[in-house]
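Take a look at the structure below.
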Amino acid sequence: MRYSSALACQRGSRIASPVVIGAGVAGLATAVELARAGHSPRLLESRPYVGGRARSFVHASGDEIDNGQHLLMGCYRATFRLLEMIGTRHLVEIQKRLHVGFRDADGSADVLAASRFLPPPLDVIAGMLRLKRLSMGERVALLRVASEAMRQACDEHETVASMLARCGQSRNAQERLWNPMAIATMNTHPDEGSAALFLEVLRRAFLGKGDDSRLAIPRAGLSELFAPASDAIVRSGGTVELSCSVTRIEKSNGGFIVHAKDRDPITTDNIVVAVPPTQASTLLNGIVATSFAIETSPIVSIYMWYDRALNDIPMMTALIGTSVQWVFNRRRMMNDEVDATSGLLSCTISAAVVESLS
7 MRYSSALACQ
17 RGSRIASPVV
27 IGAGVAGLAT
37 AVELARAGHS
47 PRLLESRPYV
57 GGRARSFVHA
67 SGDEIDNGQH
77 LLMGCYRATF
87 RLLEMIGTRH
97 LVEIQKRLHV
107 GFRDADGSAD
117 VLAASRFLPP
127 PLDVIAGMLR
137 LKRLSMGERV
147 ALLRVASEAM
157 RQACDEHETV
167 ASMLARCGQS
177 RNAQERLWNP
187 MAIATMNTHP
197 DEGSAALFLE
207 VLRRAFLGKG
217 DDSRLAIPRA
227 GLSELFAPAS
237 DAIVRSGGTV
247 ELSCSVTRIE
257 KSNGGFIVHA
267 KDRDPITTDN
277 IVVAVPPTQA
287 STLLNGIVAT
297 SFAIETSPIV
307 SIYMWYDRAL
317 NDIPMMTALI
327 GTSVQWVFNR
337 RRMMNDEVDA
347 TSGLLSCTIS
357 AAVVESLS
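Counted from 1, the sequence shown has number 338 at position 332 by my numbering; the numbering is strictly sequential.
Have a look at this one:
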């Protein structure tokens, strides 16, 4: 999420009545920045709650579950800035060093653990070189991908799979490291995903500085994490209007008129559209010439309740050779491991596109 640099406003140069459409994380972040800068934004959201897809709800079991399981990384600086501003930064715990456990379909285990004795990015590279399920030659070959990432030069049309093949990565290395990493960070399969984007992810997240590579784990539901942004906006002079469905935007005398269902038209000089591409394309039709031909990729989350405690299962595990890519122990994530009567696991399938049904 890179919103800070996109805001042209500065304190002292007031933006008249800015309107932000969409109260997902991007819209919330924009409205918080505008409000803190003294511009009194008006945030409009079609749903009766904020957060967009980054929300949680109480299940019939009494457990609070997320709309989709999320992990953050230390390199998410803009996200952490938002959490600091709305007072929920303490609800996210960052690993002391990168540590990801892998479990193969045959039950064998491996771990990607950054070295505690080396500085970034050498600590992560050292961790990759210690992966047990790769041969020595395969481990050494991993350095070619790291070098490619640091080179910052890649054909924008090349796919992740093509780049990995060009860098001499074996099928085993791709299946056990690179493919899971690409799917988890880009939500698309390596034979479709952009190599340039993936290398940028590697450069920023795994080959960055400080705590960039460390995983950050929300210790509360997503609504608890982001919903306080509403109060932060209001406290700073903005407004948040829920169940306000914007139907049309029109130009008017150098500004805009925002039409919303069952609301009076809203006149504004400045507008931010923070909604999904398809909806944005509809709202901005006739205003901007750009067409938003962006495809989406689904993520499936599966929650499983057990009639016994699962305290022996790690907080999170990456799975290799299975349809499910990640398993999270929700009791541990939510600090509920003291519950000795039941267990709750969350399974994640990214890029969950069904190509054919028999």
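C-beta atoms are modelled at their ideal positions from N, C-alpha and C, and glycine is treated no differently.
Just so you know, these numbers come straight off a predicted model, no measurement behind them.
### Task
Evaluate residue 149 with the Cβ neighbour count: other Cβ atoms within 10 Å of its Cβ, from every protein chain shown; 16 or more gives buried, anything less gives exposed.
exposed
### Query
At what residues does the alpha helix (DSSP H) containing residue 236 begin and finish?
235 to 241
#### Entry: Counted within 10 angstroms of its Cβ, other Cβ atoms place residue 39 as buried (16 or more) or exposed
buried
### Task
State the DSSP-derived secondary structure class of residue 116, mapped to helix, strand or coil.
strand
### Query
Which residues in the same chain as residue 169 place their Cβ atom closer than 6 Å to its Cβ, once the five residues preceding and following it in sequence are excluded?
201
### Task
Within 10 angstroms of the Cβ of residue 125, are there 16 or more other Cβ atoms? Answer buried if so, exposed if not.
exposed
### Close Cβ partners of residue 92 (< 6 Å) along its chain, the five nearest in sequence each way excluded
234, 235 and 238
### Message
Quick check on the DSSP output: what are the complete beta strand (DSSP E) runs of length 3 or more inside the segment 24 to 109, in order along the chain?
### Response
25 to 27, 48 to 50, 62 to 64, 70 to 72 and 98 to 100
### Task
Have a look at 250, 347, 172 and 336 and flag the residue whose alpha-carbon is nearest the alpha-carbon of residue 74.
336
### Query
Which residues does DSSP pair with residue 353 in a beta bridge?
308 and 333
### Message
Once DSSP output is grouped into helix, strand and coil, what is the label at residue 274?
### Response
strand
### Query
Touch check for the segment 93 to 100 and the segment 221 to 232: three-plus C-beta pairs under 8 Å?
yes
### Where residue 287 falls: helix, strand or coil (DSSP)
helix
### Message
Beta-carbon within less than 7 Å of residue 377's beta-carbon, same chain only, minus the 5 sequence neighbours each way: which residues are those?
### Response
Because the chain here runs from 7 to 364, residue 377 falls outside it and cannot be looked at.
### Message
Residues in the same chain with beta-carbon distance under 6 Å from residue 263, minus the five sequence neighbours each way, listed in chain order, please.
### Response
256, 271 and 273
#### Entry: residue 321 - DSSP class collapsed to helix/strand/coil
coil
### Query
Helix, strand or coil: which one does DSSP assign to residue 258?
strand
### residue 111, buried or exposed, once every other Cβ within 10 Å from all chains shown has been counted against 16
exposed
### Query
When DSSP labels each residue in this structure, what does residue 224 get in the three-state scheme?
strand
### Task
Spell out a yes or no on whether the segment 346 to 357 and the segment 131 to 144 are touching, meaning 3 or more CB-CB pairs, one atom from each, closer than 8 Å.
no
### Rounded Cβ spacing between residue 132 and residue 141 (contact assumed at less than 8 Å)
No, residue 132 and residue 141 are not in contact; Cβ-Cβ is about 17 Å, not under 8 Å.
#### Entry: Close-in-space but distant-in-sequence residues of the same chain around residue 304 (CB under 6 Å, 5 per side omitted)
358
### Message
So residue 49 and residue 246 are supposed to be a Cβ contact under 8 Å. How far apart are they, rounded?
### Response
5 Å
### Task
Would you tell me roughly how many angstroms separate the C-alpha atoms of residue 196 and residue 46, rounded to the nearest one?
43 Å
#### Entry: residue 328 in three-state terms, based on DSSP
coil
### Which residues DSSP lists as bridging residue 266, in chain order
252
### Query
residue 281 to residue 114, Cα distance in whole Å?
43 Å
### Nonlocal neighbours in the same chain, by C-beta distance under 8 Å from residue 98, ignoring five residues either side
78, 86, 89, 222, 223, 224, 225 and 231
### Message
Considering just the uninterrupted stretch of the beta strand (DSSP E) at residue 247, what are its terminal residues?
### Response
245 to 247
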